[in-house]
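Undergrad: Before I ask anything, here is the structure I am working with.
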Amino acid sequence: MKLFIFTLCIVAATCDLAQFVEDQTEIIRASWNQVKHNEVDILYSIFAANPDIQARFPQFAGKDLKTLKSSSSFASHAGRIVGFFSKITELNPNDSGVSAAKTLINEVAASHKGRGVSKAQFNAFRVSLTAYLADHVTWNENVAQAWEKGLDNVYLVLFSAFDGSPM
Ligand code: HEM
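Using mature numbering (1 follows the signal peptide of the UniProt record, and there is no 0), the letters of the sequence shown correspond one by one to residues -20 to -1, 1 to 147.
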């Protein structure tokens, strides 16, 4: 993330890097706080838009999504999966926070590669998550850009690990 923002700052020439990173982090946190307890709703919207992702979950494959939505098993999975983004957004953008984020992301890459999840499915997951945010949080150009950059960074680490070169 720092590297990405640093590059932007060189282009902008007049950027206070630390302040810029802080601002982006705060924008992401403030918007995530508006939906972070909607785990069930978020996973539901991702499955509804991507039946092939739902089909990868042994417990949920082939089952009626509306019925699943009210089950405790669905809530428990949603808490674990959506909770990943809560853990990431709670980290500070300093060296130890970046290092902790990389560890979490590398774990997801390894466990999901083992399950045969594809990069295309990860990208589809991202599109649906962003669409959910756009519909449920205060959304404007700044918020959209902060999430795009943040998710670019997460996915850079994720796909590097996926390709066998963890960062
Ligand atoms: C950035 C996107 C994603 C994140 C952050 C994420 C996160 C997680 C986390 C934290 C878990 C629980 C811990 C673990 O078992 O590794 C999990 C489980 C799982 N994820 Fe994901 N996931 C993502 C995308 C996907 C996609 C796209 C698929 C399928 C196409 C998928 C399939 C699964 C499956 C099958 C499980 C195991 C569920 C079980 O315990 O039965 N995930 N995911």
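Just so you know, even glycine gets a beta-carbon here, dropped at the ideal spot from N, CA and C.
Do I33 and ligand 1 come close, with the Cβ less than 6 Å from some heavy atom?
TA: Result yes, Cβ under 6 Å from ligand 1.
Undergrad: Taking only the alpha-carbon atoms, compute the straight-line gap between A(-3) and A111 and give it to the nearest angstrom.
TA: Answer to the nearest angstrom: the Cα atoms are 29 Å apart.
Undergrad: Would you report the Cα separation of W119 and L113, rounded to the nearest angstrom?
TA: Looking at the two C-alpha atoms, the distance is approximately 8 Å.
Undergrad: I'd like to confirm something about Q4: is its beta-carbon nearer than 6 Å to some heavy atom of ligand 1, or not?
TA: Q4: no, Cβ never under 6 Å from ligand 1.
Undergrad: Give me, in chain order, the residues of the same chain whose beta-carbon lies closer than 8 Å to that of L45; leave out the 5 immediate sequence neighbours on both sides.
TA: Cβ within range, chain order: Y24, F27, A28 and Q34.
Undergrad: To the nearest angstrom, report how far apart T(-14) and N133 are at their CA atoms.
TA: Caution is warranted here: a pLDDT of 48 is assigned to T(-14), below 50, making its placement in the model unreliable, and the coordinate value is therefore given only provisionally. Computed Cα separation, rounded: 13 Å.
Undergrad: With a threshold of 6 Å, establish whether the CB of F54 neighbours any heavy atom of ligand 1.
TA: Not so, every heavy atom of ligand 1 lies at least 6 Å from the Cβ.
Undergrad: Determine whether the beta carbon atoms of A89 and F37 lie at a separation below 7 Å.
TA: Result no, Cβ atoms of A89 and F37 do not sit closer than 7 Å.
Undergrad: Count the other CB atoms within 10 Å of the CB of Q4; is the residue buried (16 or more) or exposed (fewer)?
TA: When all chains shown are included, Q4 counts as buried.
Undergrad: CB-CB under 8 Å to N72, same chain, minus the five flanking residues each way: which ones, in chain order?
TA: Cβ within range, chain order: T5.
Undergrad: Considering only their Cβ atoms, is the gap separating V137 from I68 smaller than 7 Å?
TA: Going by C-beta atoms, I68 is not nearer than 7 Å to V137.
Undergrad: Once the 5 residues before and after F105 are set aside, which same chain residues still bring their CB inside 8 Å of it?
TA: Hits under 8 Å: I26, N30 and I33.
Undergrad: Please report the straight-line C-alpha distance between Q101 and S108, rounded to a whole angstrom.
TA: Spanning the two alpha carbons is a distance of roughly 11 Å.
Undergrad: Verify the contact flag: S91, CB atom, against every heavy atom of ligand 1, threshold strictly below 6 Å.
TA: Checking every heavy atom of ligand 1 against the Cβ of S91, one is found closer than 6 Å.
Undergrad: Hey, out of N122, R95 and S53, whose CA is closest to I8's CA?
TA: Of the listed residues, the one whose Cα sits closest to I8 is N122.
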